[in-house]
Each structure stands twice: as structure tokens, then as C-alpha cells.
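For reference, the structure is listed below as C-alpha cells.
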Amino acid sequence: MTDLAATDELFFTRAGLDRDRVQGIVDDATLGADDGEMFLEYRQSESLVFDDGRLKNAAFDTAQGFGLRAVSGEATGYAHASELSEEAMGRAAGTVKAVRAGHGGSLAEAPVGTNQRLYGDDNPLGLVDFETKVKLLTRMDAYARSLDSRVCQVSASLAGNWQAVQILRPGGARAGDIRPMVRLSISVVVAEGERMESGGYGTGGRVTYEGFLEESTWRHAVDEALRQALVNLEAVPAPAGEMTVVLGPGWPGILLHEAIGHGLEGDFNRKKTSAFSGLMGQRVAAAGVTVIDDGTLHDRRGSLTIDDEGTPTQRTVLIEDGILTGYLQDRLNARLMGARSTGNGRRQSYAHSPMPRMTNTCMLAGSRDPKEILETVDKGLYAVTFGGGQVDITSGKFVFSCTEAYMIENGKIGAPVKGATLIGNGPDVLTKVDMVGDDMELDPGIGTCGKDGQGVPVGVGQPTMRINGLTVGGTAV
């Protein structure tokens, strides 16, 4: 199983734990339960923030701990501690045993093993010295200010994370994983007269720092942030009303993630609180719309060799040519729904119980030329980048703000607009997609998904697509 030797060294040899005795604790805690596991975690993380021409903040943190779970029916017993000791694990076992009282469970089979490796195991934090990281941010700041005299503020940040996990299951099945993560971000503020506008760009993935030190990489990030800021400086108030909306490729897939993806997670559908509940096998989107969740993409931010229950990730087709074909499942919800885990059991850390979560959620490419799609719109909105949004899982209603958008007039991209929001309903909006481009892109590696107080890294992607009739909230009067 992937990375067992390396994680054995970390959790047993260095921590002084006896693996057989720890396994005995897991077996005892889950005796008579339907499922359960011990999740061991060690994590190193750092962040550097360069603001106002100086290094404003530098932080480094190390965390470790375990979470022990026993599942009986729908009930979960969970205990965790930041102390890696047999004493702490024994106390946790005493806590989780309560959930199995009066239940004669049949223990679920362990996940099938895997030898796949979707990313390297090098620790990005130790491969590049501190001075080199500070120099990178300094150069980004200087370069941004050299490009345009209207630049009045620059903030750049670099963050790295190295996580090692091992999952021990009752009966002795084990899985390990070592997960690197890096993110580079920059925000630029420009001013002209009394008007100030901002733009931002970020990039990252399950890689080390080296690629971000390349001049072409960090210059592209700065160029994009400044370009967006200058576009916003020229933006006019967005109109309001129902209109044709064209979404650009890549990051606009965050709307797909929020408005549709969460509604396809197993727990919401098992509890019948999703707008997609009970619709398996039915048409929920226009013909030509295919949506997948794929945790197996190499080096991507949302990818995992194994999920946080030890199940190998996979490519799951959720909607195929408009027909609902699948849900995202962890082990608990899959068992209760008579299905199999799709490798989407994820948790923020050892202090959290796993739940169904997305990895990299994408709409696949169609056959239309993006230029042709724009040319079909007499008057509408072209949304390129999104900021924050809100979604009601039960109803599917959403509101998203656009951070970069343009009017479409007579088939051509017109003036940039500010203050545009997209308002709609997830299941409904998919039925209004009438043109899908051939230019599917993944986002640059910046997504973090929140659910029930837990945040996990994710990826999104989509091609250019046209939505025939979506409500746009604007600020024009």
C-alpha cells in the first residue's frame, strides 16, 4: 500500500509506538461496529506574507495527532487527541465504544489497496531556504510596481504544507499517504484619481516550491493580477435583469462546484435534503452536459492518492449527457445507501470525522468554438472570474459575485462591468446550458471548500458555456 514504509517510520519508529498494540486498540474500539478506523496525521505548514514593500508575516507550524472512529448504523463515535501515545489512544477507545452498545454490527470490508502515486512525497518546506522564498516575494512586489505607475499596493504570499497520514482499520488493513501542497498568491491595488480597484491571482498544487521560483511562473501571476485590476479600473456598473450569460473556462467552474457539486454528495442525498435527491437516472441537465469528480489527476490541488478513509480515489461520472448517474460517497453513506465508496471520504485533520467531499469537479468539454459561442449572443454577460458565493443545498438556490465580467454586445466582448452577481438555482441552471465549448480548463490551483466547519483543498474546471437566461444582479441605475 502507498507510503506505508515512510509513514511507519514517522508514526511508529520515531513516535515510539508499538504497531501491534495500536492495532489492538483499533480492533477493540471497533468490535461489534459496522465500520471504523484510526487516522494518524503529522503536518508541517508555513506561510510568508509580503505587504507594503516588506515581509509582514512569517509563520511555521507543526501539528500531529490521531482520530479514532467507530460507526454503528448511522451513529458515529469519534475521539481525537494531539498526543500520539498508547495511553491517549486507549482513552479514545473507551469513548468510541459507546456507539456500538446494543448493536451487533457486521464489519465492512477494508478498501482495496493501490500502488498509484499521484504526486511526489518531497517536503516542500525543507527544499528551498527561507531567504530564497523572501527574495521571490520581494521580486514579485518590485516587478508589479515597475509595470504601472498606478500600482499603489501589492500583497504577495507563499504557503507550503506537508502532510503524512496513515489509516489503520480493524483486522490489520492499513494505508498511508504523504501529501505536499504549495500555493502562491498575489493581490494588486491600482489607483487613478479617487478611484481604486484590485485584482488577484493564485496558483498551486501538490508539488514543491521549485516551479514557483521560475521567473515565467511568478511573472505570469503578477501580470494577471495587474491585468484584472486595470480592467476593474475601467469597469462600469453592471446592468440587472435576466439575460444570456457566457461563463469562461477554468475557475468559473467554482459555480458548478457550489451550485451543483455539493448537492451530489452522498450525505445530503441519503438524508433527502438535496435538490437532486431521488433523481438518479433522470435528466437533470441539458444534453451535452457531463460533470465528473476526479481525484486521480496528477499534482492537482484537489487530488488524493487515497482519501482519508484509505479508499483510492477515482474518476466518478456524476452527470452524463444530462442524466444523473452518480453521487459522491464516503464509506458510511455508501453503506447506508447500498452503494460503494467513490474515494470521497475527506476530513480537514485528525480532529475531524470524514464526510463526502469533492476532489476535482469538472464539466467536460463540448464541441463548440468559444468564439462562436460569444458570437451567438446579441446582448448578455461574459463572466470570467468569480469571488464569493452562497448556496442553499436543499433548494439549490445560489448567488455568486463576479470579480471580472464584461458585457457582450452584438456577439463581441464589450465594456468590463463591476458589481455583477449571478442568481439562480443549481438544477435549473444546468437545464439552460445550450452551448458547451471545446476549451475545458482546470483552475490554477487555488480552491478551498468549506462544509460543516471543515475546509479541504479542491479543484474545479469547465469549458466556456452559454446559459440561456440567468438572472443578473447589477448596480446600474
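One rule links them: number in my numbering = place in the sequence shown (from 1) + 16. Where is the CB? At the ideal position from N, CA and C, for every residue including glycine.
Are residue i and residue j closer than 8 Å when you measure CB to CB?
| i | j | result |
| --- | --- | --- |
| Leu-348 | Asp-137 | no |
| Gly-81 | Ser-98 | yes |
| Phe-27 | Leu-33 | yes |
| Leu-229 | Val-300 | no |
| Pro-127 | Thr-327 | yes |
| Gln-470 | Thr-321 | no |
| Gly-269 | Cys-378 | yes |
| Val-499 | Met-259 | Residue numbering for the chain in the displayed model covers 17 to 493; residue 499 lies beyond these limits and cannot be assessed. |
| Thr-375 | Thr-329 | yes |
| Phe-55 | Ile-194 | no |
| Thr-154 | Phe-66 | yes |
| Thr-480 | Pro-386 | yes |
| Gly-435 | Thr-358 | no |
| His-278 | Ile-409 | yes |
| Val-494 | Ala-79 | This structure does not reach residue 494, given that the chain is present from 17 up to 493, and the question cannot be answered. |
| Ala-381 | Asp-450 | no |
| Val-247 | Glu-420 | yes |
| Ser-365 | Glu-57 | yes |
| Ser-417 | Gly-405 | yes |
Quick one: using the 10 Å Cβ neighbour count with 16 as the cut-off for buried, is residue i buried or exposed?
| i | result |
| --- | --- |
| Gln-345 | buried |
| Glu-281 | buried |
| Arg-190 | buried |
| Met-105 | buried |
| Gly-83 | buried |
| Cys-168 | exposed |
| Met-197 | buried |
| His-314 | exposed |
| Met-494 | This structure leaves residue 494 out entirely; the chain is present only between 17 and 493. |
| Asn-426 | exposed |
| Asp-468 | exposed |
| Gln-478 | buried |
| Met-17 | The predicted model places Met-17 with a pLDDT of 49, which falls under 50 and marks its position as unreliable; any figure quoted below should be read in that light. By the neighbour-count rule (16 or more Cβ atoms within 10 Å), Met-17 is buried. |
| Glu-325 | buried |
| Gly-257 | exposed |
| Thr-46 | buried |
| Leu-486 | buried |
| Gly-215 | buried |
| Arg-70 | exposed |
| Thr-464 | exposed |
| Val-493 | Note that Val-493 scores 48 on pLDDT, short of 50, meaning its location in the model is unreliable; the coordinates nonetheless yield the value given after this. The residue is exposed, with fewer than 16 neighbouring Cβ atoms inside 10 Å. |
| Arg-356 | exposed |
Beta-carbon of residue i versus every beta-carbon of chain D: anything under 8 Å?
| i | result |
| --- | --- |
| Glu-231 | No chain D appears in this structure, which consists of one protein chain only. |
Can you tell which of the options has the C-alpha that lies nearest to the C-alpha of residue i?
| i | options | result |
| --- | --- | --- |
| Thr-77 | Ser-201, Trp-178 and Glu-388 | The sequence shown places Asp at residue 77, not Thr. Measuring from the Cα of Asp-77, the nearest candidate turns out to be Trp-178. |
| Gly-361 | Gly-311, Asn-248, Asp-145 and Asp-455 | Gly-311 |
| Gly-188 | Gly-93, Phe-414 and Ile-41 | Ile-41 |
| Ser-173 | Asp-455, Leu-163, Arg-85 and Tyr-217 | Tyr-217 |
| Leu-100 | Leu-123, Ala-31, Tyr-422 and Gly-89 | Ala-31 |
| Ser-411 | Ser-290, Gly-359 and Gly-257 | Ser-290 |
| Asn-484 | Gly-453, Ile-462 and Val-445 | Val-445 |
| Thr-306 | Tyr-422, Gly-342 and Leu-246 | Gly-342 |
| Val-393 | Arg-384, Val-261 and Gly-382 | Val-261 |
| Asp-44 | Lys-72, Pro-186 and Pro-265 | Pro-186 |
| Ser-293 | Pro-255, Met-353, Glu-240 and Glu-274 | Met-353 |
| Leu-397 | Thr-219, Gly-404, Ala-124 and Val-252 | Val-252 |
| Lys-151 | Ala-75, Tyr-94 and Trp-234 | Trp-234 |
| Gly-266 | Leu-141, Ala-22 and Asp-459 | Asp-459 |
| Leu-2 | Phe-416, Leu-163, Glu-231 and Gln-364 | Outside the shown range of the chain (17 to 493) lies residue 2, about which nothing can therefore be said. |
| Val-415 | Arg-482, Gly-475, Ile-429 and Phe-402 | Phe-402 |
| Asp-283 | Pro-372, Gly-318 and Gly-442 | Pro-372 |
| Leu-271 | Leu-438, Asp-68, Glu-226 and Glu-25 | Leu-438 |
Over what stretch of residues does the beta strand (DSSP E) that includes residue i continue unbroken?
| i | result |
| --- | --- |
| Tyr-343 | Segment: none, Tyr-343 is in no beta strand (DSSP E) and carries neither H nor E. |
| Pro-473 | 470–478 |
| Gly-83 | 70–88 |
| Arg-331 | 331–336 |
| Glu-53 | 51–67 |
| Thr-219 | 211–221 |
| Thr-23 | That residue, Thr-23, is in no beta strand (DSSP E); its alpha helix (DSSP H) goes 20–24. |
| Gly-485 | 481–489 |
| Asn-376 | 376–379 |
Name the two residues that bound the continuous alpha helix (DSSP H) containing residue i.
| i | result |
| --- | --- |
| Asp-310 | Taken as a continuous stretch (DSSP letters only), Asp-310 belongs to no alpha helix (DSSP H), being part of the beta strand (DSSP E) at 307–310. |
| Asn-232 | The question names Asn, but residue 232 is Ser in the sequence shown. First-last of the alpha helix (DSSP H) with Ser-232: 231–249. |
| Thr-392 | From DSSP, Thr-392 is part of no alpha helix (DSSP H); its letter is neither H nor E. |
| Asn-285 | 282–286 |
| Thr-111 | 102–112 |
| Leu-141 | 140–143 |
| Ala-91 | First-last for Ala-91: 91–97, but that is the beta strand (DSSP E), not the alpha helix (DSSP H). |
| Gly-40 | 35–45 |
Shorter than 7 Å, the distance from the beta carbon of residue i to the closest heavy atom of the ligand MG, or not?
| i | result |
| --- | --- |
| Ser-173 | This structure lacks the ligand MG; in fact it carries no ligand of any kind. |
If you scan the stretch 163–208 from start to end, which runs of the beta strand (DSSP E) of 3 or more residues do you find wholly inside it?
-> 167–184 and 190–208
May I have a chain-ordered list of the alpha helix (DSSP H) segments no shorter than 4 residues that lie completely inside the stretch 401–459?
-> 442–447
Completely contained alpha helix (DSSP H) runs for the stretch 251–282, where each covers 4 or more residues | 269–272
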